[in-house]
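Have a look at the structure below, then the notes.
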Amino acid sequence: MANITRGFTGRRRAPDPAVPPGQYLTDDFPVLSAGPTPRVDLDEWRFSVRTEKGFTTT
């Protein structure tokens, strides 16, 4: 019987052309970030997008 290391997760997926070189898609955790995740009160949080023409959408 062959030994399989704990790091073995199966075959790699075919590369997705929409993903930049050196990056990969993942369906599980951990998700790595460059710093701590800030805590934001959702009652005070707003998201808006402003276009080049000055239109704002919230």
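Residue 17 in full-length UniProt numbering sits at position 17 of the sequence shown, with consecutive numbering throughout.
Just so it is clear, CB atoms sit at the ideal spot from N, CA and C, and this is done for glycine as well.
Predicted model, so just to flag it, every value in this text is computed and none were measured.
Exercise. When DSSP labels each residue in this structure, what does T37 get in the three-state scheme?
Worked result: Translated into positions along the sequence shown, residue 37 becomes position 37. Here T37 sits in coil by DSSP.
For this session: Going by CA-CA distance only, name the one from T57, D16, D28 and D27 that's closest to R46.
Result: Working through the sequence shown from its first residue, we reach residue 46 at position 46. R46 has its Cα closest to that of T57, out of T57, D16, D28 and D27.
Exercise. In whole angstroms, what is the alpha-carbon distance linking A18 and V49?
Worked result: Locating residue 18 in the sequence shown gives position 18, where the first residue counts as 1. Locating residue 49 in the sequence shown gives position 49, where the first residue counts as 1. So the two alpha carbons sit approximately 23 Å from each other.
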